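Colleague: Could you have a look at this structure, given as C-alpha coordinates, before my questions?
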Amino acid sequence: MMDLCIYDAGKSIPGSYTEHGTYYGDDCHAIELALSHNSTAKDSIPDDPIHQRGNGIRSVIKKVITENGGEVLLASRNGYLYINSRGEYEYNLGGVITGTLITLRLKPNRVPQIMDQSELQFSNPYVYKK
250 MMDLCIYDAG KSIPGSYTEH GTYYGDDCHA IELALSHNST AKDSIPDDPI
300 HQRGNGIRSV IKKVITENGG EVLLASRNGY LYINSRGEYE YNLGGVITGT
350 LITLRLKPNR VPQIMDQSEL QFSNPYVYKK
(Lines of atoms letter the chains of each structure in order from A and count residues from 1; the text may use other names and numbers.)
(Lines give C-alpha, C1' and ligand atoms only; values in the text may rest on other atoms or scores of the structure.)
Protein backbone atom coordinates (compact mmCIF):
# COMPACT_ATOMS: atom_id res chain seq x y z
CA MET A 1 0.00 0.00 0.00
CA MET A 2 1.02 3.58 -0.58
CA ASP A 3 -0.58 6.58 1.12
CA LEU A 4 -0.58 9.92 -0.65
CA CYS A 5 -1.73 13.01 1.27
CA ILE A 6 -2.61 16.39 -0.19
CA TYR A 7 -3.32 19.34 2.11
CA ASP A 8 -4.85 22.65 1.06
CA ALA A 9 -4.74 25.25 3.85
CA GLY A 10 -7.45 27.36 2.19
CA LYS A 11 -11.01 28.15 3.28
CA SER A 12 -12.20 24.47 3.28
CA ILE A 13 -14.98 22.87 1.25
CA PRO A 14 -17.74 23.94 3.68
CA GLY A 15 -16.20 27.44 3.83
CA SER A 16 -16.37 27.71 0.06
CA TYR A 17 -20.06 26.75 0.02
CA THR A 18 -20.80 29.25 2.80
CA GLU A 19 -19.01 31.98 0.84
CA HIS A 20 -21.11 31.20 -2.26
CA GLY A 21 -24.41 30.99 -0.34
CA THR A 22 -24.91 27.27 -1.04
CA TYR A 23 -26.93 25.41 1.60
CA TYR A 24 -25.51 22.26 3.16
CA GLY A 25 -26.64 20.39 6.29
CA ASP A 26 -23.27 19.89 7.96
CA ASP A 27 -19.61 19.73 6.97
CA CYS A 28 -19.90 16.06 5.88
CA HIS A 29 -22.78 17.02 3.59
CA ALA A 30 -20.66 19.82 2.09
CA ILE A 31 -17.95 17.26 1.26
CA GLU A 32 -20.56 15.03 -0.41
CA LEU A 33 -21.78 18.04 -2.43
CA ALA A 34 -18.25 18.62 -3.67
CA LEU A 35 -18.14 15.02 -4.92
CA SER A 36 -21.49 15.22 -6.73
CA HIS A 37 -21.13 17.89 -9.44
CA ASN A 38 -21.77 20.89 -7.18
CA SER A 39 -18.71 23.02 -7.87
CA THR A 40 -18.30 26.58 -6.64
CA ALA A 41 -15.72 27.35 -9.35
CA LYS A 42 -16.35 30.80 -10.84
CA ASP A 43 -15.32 30.09 -14.41
CA SER A 44 -17.03 26.72 -14.92
CA ILE A 45 -19.16 26.51 -18.02
CA PRO A 46 -21.77 23.71 -17.95
CA ASP A 47 -21.45 21.14 -20.76
CA ASP A 48 -18.06 22.54 -21.82
CA PRO A 49 -15.33 20.16 -20.57
CA ILE A 50 -12.50 22.54 -21.53
CA HIS A 51 -13.78 25.31 -19.23
CA GLN A 52 -15.10 23.20 -16.36
CA ARG A 53 -13.37 23.39 -13.00
CA GLY A 54 -14.09 21.75 -9.71
CA ASN A 55 -14.11 18.18 -11.01
CA GLY A 56 -10.62 17.08 -9.98
CA ILE A 57 -11.38 15.61 -6.56
CA ARG A 58 -14.34 13.61 -7.84
CA SER A 59 -12.39 12.23 -10.83
CA VAL A 60 -9.38 11.19 -8.74
CA ILE A 61 -11.54 9.52 -6.08
CA LYS A 62 -13.50 7.59 -8.71
CA LYS A 63 -10.29 6.25 -10.23
CA VAL A 64 -8.78 5.34 -6.86
CA ILE A 65 -11.92 3.42 -5.79
CA THR A 66 -13.05 1.80 -9.05
CA GLU A 67 -9.79 1.21 -10.91
CA ASN A 68 -7.28 0.77 -8.10
CA GLY A 69 -9.52 -0.66 -5.35
CA GLY A 70 -7.98 1.84 -2.96
CA GLU A 71 -9.42 4.00 -0.19
CA VAL A 72 -9.95 7.74 0.27
CA LEU A 73 -10.21 9.94 3.35
CA LEU A 74 -11.36 13.49 2.71
CA ALA A 75 -11.38 15.84 5.71
CA SER A 76 -12.49 19.46 5.60
CA ARG A 77 -13.23 21.75 8.53
CA ASN A 78 -15.29 19.67 11.02
CA GLY A 79 -16.27 16.71 8.85
CA TYR A 80 -14.64 13.85 7.09
CA LEU A 81 -15.71 11.27 4.59
CA TYR A 82 -14.06 7.87 4.26
CA ILE A 83 -14.74 6.00 1.01
CA ASN A 84 -13.77 2.50 -0.04
CA SER A 85 -15.14 -0.04 -2.51
CA ARG A 86 -17.80 -1.13 0.01
CA GLY A 87 -19.30 2.32 0.54
CA GLU A 88 -18.78 5.64 2.28
CA TYR A 89 -18.79 6.57 5.93
CA GLU A 90 -19.31 10.02 7.41
CA TYR A 91 -17.87 11.30 10.65
CA ASN A 92 -17.74 14.62 12.43
CA LEU A 93 -14.34 15.51 13.78
CA GLY A 94 -13.92 16.44 17.41
CA GLY A 95 -12.00 19.54 16.36
CA VAL A 96 -11.66 21.70 13.31
CA ILE A 97 -9.15 21.21 10.52
CA THR A 98 -8.25 24.38 8.65
CA GLY A 99 -8.60 23.76 4.92
CA THR A 100 -8.94 20.35 3.29
CA LEU A 101 -6.94 17.14 3.61
CA ILE A 102 -7.21 14.37 1.01
CA THR A 103 -5.56 11.02 1.73
CA LEU A 104 -5.44 8.38 -1.00
CA ARG A 105 -4.49 4.82 -0.06
CA LEU A 106 -3.40 3.05 -3.22
CA LYS A 107 -2.99 -0.66 -3.76
CA PRO A 108 0.19 -1.72 -5.55
CA ASN A 109 -0.41 -2.64 -9.18
CA ARG A 110 2.05 -4.38 -11.44
CA VAL A 111 3.06 -2.12 -14.31
CA PRO A 112 4.23 -3.89 -17.47
CA GLN A 113 7.80 -3.09 -18.40
CA ILE A 114 7.19 -2.08 -22.02
CA MET A 115 10.54 -0.31 -22.36
CA ASP A 116 12.41 -3.60 -21.98
CA GLN A 117 10.40 -5.09 -24.83
CA SER A 118 10.59 -2.03 -27.07
CA GLU A 119 14.39 -1.85 -26.92
CA LEU A 120 14.60 -5.33 -28.37
CA GLN A 121 12.31 -4.46 -31.28
CA PHE A 122 13.16 -0.83 -32.05
CA SER A 123 16.27 1.25 -32.24
CA ASN A 124 16.51 4.96 -31.49
CA PRO A 125 16.51 6.95 -34.75
CA TYR A 126 17.67 10.10 -32.92
CA VAL A 127 21.40 9.93 -32.48
CA TYR A 128 23.25 12.90 -31.02
CA LYS A 129 25.92 14.19 -33.36
CA LYS A 130 28.49 16.83 -32.44
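The numbering used here applies: residue 250 is where the sequence shown begins, and numbers increase by one.
Quick reminder that beta carbons are idealized off the backbone N, C-alpha and C, glycines included.
None of these values were measured; they are calculated from a predicted model.
1. So, for Ala-283: in the same chain, excluding its five sequence neighbours on each side, which residues have a beta-carbon less than 7 Å away from its beta-carbon?
2. By the 10 Å Cβ neighbour count, where 16 or more other Cβ atoms means buried, how is Tyr-329 classified, buried or exposed?
3. What does DSSP give as the partner residue(s) for Met-251 in the beta ladder?
4. Taking buried to mean at least 16 other C-beta atoms within 10 Å of its own C-beta, is Thr-349 buried or exposed?
5. When DSSP builds the beta bridges, which residues end up paired with Val-321?
6. Kindly list the residues whose CB is nearer than 8 Å to the CB of Asp-252, restricted to its own chain and excluding five residues on each side of it in sequence; keep chain order.
7. Take Pro-357 as the anchor and find which of Thr-271, Lys-311, Ile-332, Gly-318 has the nearest alpha-carbon.
8. Going along the chain, which residues of its own chain have a beta-carbon closer than 6 Å to the beta-carbon of Glu-320, five neighbours each way excluded?
9. Provide the residue(s) that pair with Tyr-338 in DSSP beta bridges, ordered along the chain.
10. If we ignore side chains and look at the alpha-carbon of each, how far apart do Arg-359 and Leu-342 end up?
Modeller: In short, the structure shows the following:
1. Counting only Cβ-Cβ distances below 7 Å, and skipping sequence neighbours, we find Ile-262, Ile-306.
2. When all chains shown are included, Tyr-329 counts as buried.
3. Within the DSSP secondary-structure output, Met-251 pairs in a beta bridge with Leu-355.
4. Counting Cβ neighbours within 10 Å, Thr-349 comes out buried, since at least 16 surround it.
5. Paired residues: Ile-332, Leu-353.
6. In its chain, beyond the 5 residues on either side, Thr-352, Leu-353, Arg-354, Leu-355 have a beta carbon closer than 8 Å to the beta carbon of Asp-252.
7. Cα-wise, what sits closest to Pro-357 is Gly-318.
8. Correct list, in chain order: Asn-333, Arg-354.
9. As DSSP reads the structure, Tyr-338 sits in a beta bridge with Tyr-331.
10. C-alpha separation (whole angstroms): 36 Å.
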